[in-house]
Structure formats: C-alpha cells, structure tokens
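Reading through the structure tokens given below for one structure.
Number of protein chains: 2
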Amino acid sequence: MIVEIVTIGDELLLGETIDVNAVWLARELGAIGIPVVRRTTVGDGAAAITSAVREALDRTGALITTGGLGPTADDRTRPAIAALFGRELREDASIWEGLRAIWRDRGRPGEPPEANRVQALVPDGAVVLHNRHGTAPGLFLEDEDGRWVAMLPGVPREMRGLMHDELLPRLRARTEDDRRVIRSVTLRTTGIAESSLPDLLGEYAEGFASVTLAYLPGQEGVDLRLTVRDARPGDADQVLATAADALRSRLGRHWYADGPTDLAEVVVHACRETSRRLAVGESCTGGMLASRITSVSGASDIFRGGIIAYDNTVKVEHLGVDPGLLAHQGAVSEEVARAMAAGARAALQADIGVGITGIAGPGGGTPEKPVGLVWIAVDVEGEVVVHGGRFIGDRAEIRFRATQAALNMLRRALLEID
Amino acid sequence: MIVEIVTIGDELLLGETIDVNAVWLARELGAIGIPVVRRTTVGDGAAAITSAVREALDRTGALITTGGLGPTADDRTRPAIAALFGRELREDASIWEGLRAIWRDRGRPGEPPEANRVQALVPDGAVVLHNRHGTAPGLFLEDEDGRWVAMLPGVPREMRGLMHDELLPRLRARTEDDRRVIRSVTLRTTGIAESSLPDLLGEYAEGFASVTLAYLPGQEGVDLRLTVRDARPGDADQVLATAADALRSRLGRHWYADGPTDLAEVVVHACRETSRRLAVGESCTGGMLASRITSVSGASDIFRGGIIAYDNTVKVEHLGVDPGLLAHQGAVSEEVARAMAAGARAALQADIGVGITGIAGPGGGTPEKPVGLVWIAVDVEGEVVVHGGRFIGDRAEIRFRATQAALNMLRRALLEID
C-alpha cells in the first residue's frame, strides 16, 4: 500500500497557514510502513478538490485528505468527494445528536448553530470516523474496486485524534499480510556545516548498500536521515541500527541525539543523570532558552528558574552583575556573560548557570559589536566555558541559534565531551 | 500568470521537516498578484521530480521548485529538470569561483570539498540566479514555448534571499501588462469559538459580493481571511478595505490585529503608546510569554525583564510571594497568580506585572487541579484582572494557549477594552 495526501484550504495555498497536518500524517504512516509518495495542496474550490483527488486515486488508489469538513461555506470537501464517487449525502441523526451533546457539554446555551448541520451529512456507504476531540467527524469512502479516500478535519488536534482512534487501526489491519516497511532514523548534528559532513563521513557520505542518506540542514544544525525501503520489518531495523552506529561513531561530538529529540531534552536528561539543577540568565534570547528547557516534560525536576535580564538594572539587582563591568565592557561582552551565568547559579541556588547576552537586531548593532554577536557562558559548579560568536540570520534566527549553541555547550559540559 | 510550486525532498514527504518554503513563496507571489494554484511535494527521486514538474508545466506553464540543489548525492533537481528540458549540464567557472570565495570568507582552510562542484553545473540556456546568502545558486530555465521553471535552494534563508534579489523582479516585469491581482487580508480573533462566529457576523458570515471569507482556527484563535480575486489592484484594495471595516466592527473586542501580526506585537505597541513598562513572572509557561514579547523587535523599549519561577523558592525570593500563600492555596491558585503579578511589577520596577501559574502536564494533575488548569493575573499599576481556566491540548498547546490568554488580557487592560 502506498498513499497520497491532499491537504485542502485556500489558507494553505495562500501561505497563511503552515501545513503541519501533512507532516504529522507522513510520520505516522511511515511508522506503520505505509509510504507517502506525493503530497498535494489545493484551495477550497470544489473543482480543484475534485481534480486533485481523482489524480491521486488514479496513481495510488489510496488517499487521505485534510480540511474542508467544517461548518462554514468554504468547506466543500464532503460534497466534492461524494460527487466524485457518485454518492448521495444524507443527514446522520446520531452525528447531529453528538454535536448537540458537545454543545451542551461546553456549557453553551440553546442549540448548536444551524451551520453545524452540514457536519452531520454522510455520503451513502461511507464509514463515519468518530471525532472525540471536536465537532467534525471524519469519513472513509471506498469504491467497488477497493480505492479509498479518508477525509479528516483540518484542525490539527482533531485530525490527530481521529487518525489515532479510527484510521490508523484500519490501515494497520489492511497491511498486515503485506508488511514491507520503510524505516528511517535521523541522526541530529549541530555545530558543523553541511558541506563539511561528507569529508567527515568518508565512504559513508552517500549512504550504504541498502541505506540512503539525506542531509537536512536547518536552524538546529544538520540532520542526517538514513532510510531503508521495502524491507521486512526485522531486517530493516537491523540494517538501520548497524548503519546508524557506524555513522554516529564518525560524527563523534557533532551527533547529539536521534530525531526528533530536541537538544533541550538531551540537556534535561543529562542534568537529571548527573543530579544537577539548572538556572538561566537571559538577555537577548528573552526567555527562549528557558522556554525550550521547560517544554520538556519533567523539566521541573532539574530546572530552578531563570532571570530574564532585559534591562541592565535587572542584571545588577537579580543576577548580581557588577555595574562597573556593564559600564566598562558593555552589556554584550564575555565578562558580563560570565557574570550572568555565575549570578544565575547563585541567585537561583542551582549547580549550573547559563548567561546569554547579545544583539538580536535588527537595531542596536555597531561596527565593534554587530547585530548577531552573542556571548554565552556556562558555569558548572564554578567551572566556566564561554563562547562568543556572530550568528547569521534575522532576529528570530539569531535568537534561536543562540539558544541552540547554549544548549550544545550545556550538553558538552554535562556529558564531558571535548 | 498562475504558478505551481513543487517542493522536493524525502524529508518533506517523510514528515521530518515542515515545508515553510511553500508557505513563504505563496505569500510573496500572492502579494504581486500571481496566484499559486497548486502545491506538490515529492521525494528526492529523479523520476518523482520529473513527473511532478512535467504535470505542473502541463497545467500552468510556470513553476517554482525548492530543494535538491545541494552538494550531496540526494540532490537531483538540477539533472532531472535539465533532462526534461533536453539540456546538457556544464560547469560554470564563475559559480565555482564564487563558491571558493565564500569558502575563504568563512575562514575555512584550503579548497571547498569536491562535493560542492555539482553546484556549479548549469543547464544550457539557463539563467543563473545569484545566491548572496549561501552556496547553491538558483536556476531559471525556459523553453521555446515560454514555459519556465525556476529552481531555488531548499534552505529557507537562501531561498528567500534569491527570491527577493532575483526571481521576484523578473516575475514582476513579466506580469506588468496583465495586472489582475488577488488581494487578501486576515482579521485575527481570539477568545471566541469558530462555530460562534457566523452568528456574530450575521449577513457577512459567508462573505460579501466579491469577497470570499474563510475561517482558519488555530492555537492563537480563529483567523478570518477575506479574499478578492481577479480584480484591478486599486479596486481590490478598496473593496477589501470596506469589507474588512464592516467585519471588524462586528467582531468588536474579539478582533486584535490584521494578519500576520502576532498578539505580542499588539501588546508591545500598546505598552509603548501608553508609556508603560512590562515585567513577567512565569511558572508553567517557563519563559514562553517573555520569549514571545521579546521576539518583537524594539521590545527593549518597554520590557524590563522576567522571573521564571519554576521552583517555589524562586517565587518567594525573587517575586516576594508569601510562603504561607503557597502552603495554603497551593502554587496553582488565584492568590499566587496575583502575588506573582504584583511581585514581578515591584521586583523589576515595571508599571505592569503578569503572573502565570498552572499545570502544563502531562504529570502533576489532581481531581481538584487538573492538567490544563492555569491562573493568570495582570496587574496594571495596582489594578488587577485575573482569570482562571482549563486549557485543552497537550503540554505545548496548554503552554501556548496560556501565553495567548495572558497577552489578550494585557491587550484588553492596556487598550481599555471591556
């Protein structure tokens, strides 16, 4: 079985919304050995939906759509696909009852708006995929030749719930007899340029016999994706594990985790393993480092807190930075980064302190201290490593790259990696 | 002119990377009146690239691709499209010289890796689109019937630079005589359910004569996108402005900005307008609120800083929360949120303090204080508004929704909107 994904919505075509659903679906399907071979996005128009769905069915006979199942007039997926399959739409009384129950549970007065009634329409012969997370049910429609379309809502949380509860179990059952899988693993690296990786990887730079290798550069670093296709599940796992081991040893300190693990998770884990409590003092990153750390569930075991010292008086009063240092070296300097790290550690009673100070731009740069210049210090029980450098990109990229560099310094300090 | 976009990369199909390029391209093209009518994603295989490109050219004769121009073996866009157009690839000496110059400028020793040499290959008759932001140049290839493909790199920053520097000016010149545009504007709302909007909007719920209306629900709230198609530029702007005014007045306090403005920008602006300085005390959101505020350039004019009080001792020592309150009411309580807001204001010498305390999950919930319960207080010069409620979603969603709710409370307090 191979599938295509068609995501529907003018907002996707116009670029107002990022298509997170397609990404998530591809991962879930890949994990059960169903390759997504193409992804298409069309607008809300019925003709565009019809042609994209027809073409995808002609290529693969198996298709998942997202979007266009809502209660408003721009939601045309249901009638367009019903017409393509030659099926009538009829109101399903139990869906309407369900919508009324949701309305009441949410404490809303009266009846749901009449607009919601279209969400109770079901094409003849379709299987209703119950939505425990919202109002729009999904639909599964199959023709006499076994070609099928699964229609899922566009709201990510609802789409994901429906996929887990209803669609994935069905697809798993269908592929049980013919289980040739795709497996992939991603090795995450940071602090090394994409074009330097082939030299480091030597004879593995273009992959192995049955393992393909892709280079995926991004803000976090370069991810290396190893993929095995069309193999039996056990074989695939073994081949992949061997290849990943070989690559990890070539990558050395540049490898920090297998995907999709965030570097912050590695750091939280390393703090827990070494029984150390962490605190941060942030200036230009303005809380982003703390936010990445606390996005890891269980971070409260090791994270004490942070001081966002945007104004210099906060650096002095809450992080104990010497006002003389600020006056003589300037806020963006090695010395102030060191003092912020030591201050965060002391003021928040932690074992490790991080200090970040820099110029995120677009304003505030000078010839001596240009936009992008960031000083980062990591103080582990008084042992300090410090790094100063210029990050490229816009304000958002500079801030993010600074947090990534700080996390990488923490990782290397905690795990004692030179 | 209408165009399609084909984004290339196994990482996109497998769902390892979110396709931010397609989003950005669609916006830029829409802004100069060139509609994107379909978007397709295929993997790195040459056959998949060839068929997607051929089909798109058959439909529209105009296509932009991203990805597959890098220096490694999985980069096959250049040879695949050259073959489709029946053109030979030849090394362009000036591109290779440029790559060597970049290598030297970055302070790297010796010559660039041989792998980079494929990036200097150009199909016969192609126009080279110079890349000032990285190593991979873009290519513009046109056949005798005027059908064209523009190939851009996949790294977002490089793609955006090339588009602005090289491709957009070309496309603008080509469409000058036939300027029928699409214009759209997005009205952002928060704090109101999608299905309640049609009632609020009344006769405008399905759009206006020539203006279509789309409902785009997301974590931040529901965006309403108004679109005018195939109009003259001046007419489109006028029709859209009239429609947007009418909708804004129906939306009342639920409207906070036109897209893509983030709510944090509205708050920073309102602080500046009312000459008030802001400070935050965050627990469950762990710095995310401060990070959103400081992502706005110029936030330093109004943002003093923040205390991320993950551990209760930090709440006491840096925010001055009474230990008795913590013991009797618990950290997640109205009283502690109030004390954190007042404490942030006092400790950081601000006019406004925000306090957020809650249970982001997945652990830590109890029957009385379930996962998702968050208390938020906003203290403007001693006048306090407070809100307690349960947010739905996973850890990331609960944290984000809490920051959105806090920003909305700030907006309403600062702009005196009931």
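For the protein sequence lines, the chains are Y and W, in the order given.
The numbering of the first sequence is the working numbering, which starts it at 1 and goes up by one.
The numbering of the second sequence is the working numbering, which starts it at 1001 and goes up by one.
Cβ coordinates follow ideal geometry from the N, Cα and C atoms, glycine included.
Within the stretch 18 to 94 of chain Y, the complete beta strand (DSSP E) runs of at least 3 residues fall at 36 to 42, 62 to 66, 89 to 91.
In the structure shown, Y215/Y falls within a strand segment according to DSSP collapsed to helix, strand and coil. If you check each beta-carbon in the stretch 1172 to 1206 of chain W against every beta-carbon of chain Y, the ones closer than 9 Å belong to I1182, S1184, T1186, A1193, E1194, S1195, S1196, L1197, P1198, D1199, A1205, E1206. Proximity of the stretch 1278 to 1286 of chain W to the stretch 1331 to 1343 of chain W meets the contact definition, three or more beta-carbon pairs being nearer than 8 Å. In this structure I1308/W touches G1286/W by the C-beta definition: roughly 6 Å separates them, less than 8 Å. Of all residues in the stretch 112 to 138 of chain Y, the ones placed with a Cβ closer than 8 Å to any Cβ belonging to chain W are P112, P113, A115, N116, T135, in chain order. Residue contact check for L1168/W against chain Y: no CB pair falls below 9 Å. A contact between stretches requires three or more CB pairs, one per stretch, nearer than 8 Å, and the stretch 324 to 335 of chain Y meets this requirement with the stretch 372 to 389 of chain Y. Any Cβ of chain W closer than 9 Å to the Cβ of V36/Y would place that residue at the interface, and such an atom is present. Interface criterion met: the Cβ of P1071/W is under 9 Å from a Cβ in chain Y.
If you compare the alpha carbons of T1072/W, T1227/W, E1004/W with that of D1058/W, the shortest gap goes to E1004/W. The C-beta of T17/Y has 16 or more other C-beta atoms within 10 Å across all chains shown, which makes the residue buried. Between N116/Y and the set E55/Y, G125/Y, E97/Y, the nearest pair of CA atoms involves E97/Y. Across the stretch 1018 to 1032 of chain W, CB contacts with chain Y closer than 9 Å involve I1018, D1019, V1020, A1022, V1023, W1024, L1025, A1026, R1027, E1028, L1029, G1030, in sequence order along the chain. Against chain Y, a Cβ distance below 9 Å from T1313/W picks out R304, G305, L348, Q349. Beta-bridge pairing by DSSP links M1151/W to T1065/W, L1139/W. The three-state reading of DSSP puts E1097/W in helix, counting H, G and I together.
Here T40/Y is near R1038/W, since their CB atoms are less than 9 Å apart.
If you look at E1004/W, you'll find it in the beta strand (DSSP E) that goes 1003 to 1008. Taking a C-beta distance under 9 Å as the contact criterion, I182/Y and V228/Y qualify as a contact pair. The beta-carbon of Y1256/W is placed no less than 9 Å from the nearest beta-carbon of chain Y.
Chain W has a Cβ within less than 9 Å of the Cβ of M288/Y. In summary, T1242/W is exposed, with fewer than 16 beta-carbon neighbours lying within 10 Å of its beta-carbon over all protein chains present. Cα atoms of D235/Y and V211/Y: separation of roughly 12 Å, rounded to the nearest angstrom. In the three-state scheme derived from DSSP, where H, G and I count as helix and E and B as strand, R1160/W is classed as helix.
Put simply, the backbone Cα of E55/Y is about 15 Å away from that of A1048/W. The beta carbons of T60/Y and V6/Y sit no closer together than 9 Å. Judged by DSSP secondary structure, I1307/W falls within the beta strand (DSSP E) whose first and last residues are 1303 to 1308. Within 7 Å of the CB of A1309/W, the CB atoms of chain Y belong to G305, in sequence order along the chain.
Fully enclosed alpha helix (DSSP H) runs of no fewer than 4 residues occupy 312 to 319, 323 to 329 of the stretch 305 to 345 of chain Y, in order along the chain. Neighbours of P1370/W across chain Y, judged by C-beta separation under 9 Å, do not exist; the nearest C-beta is about 15 Å away. Taking a beta-carbon distance threshold of 9 Å, P1323/W does not count as an interface residue toward chain Y. Think of a sphere of 9 Å around the beta carbon of H1318/W: the chain Y residues whose beta carbon falls inside it are G305, I307, H318, A347, L348, in chain order. The three-state reading of DSSP puts R1104/W in helix, counting H, G and I together. Under the DSSP assignment, T1261/W falls outside any beta strand (DSSP E); it carries neither an H nor an E label. If you check the CB distance, E1206/W and A136/Y do not come in under 9 Å.
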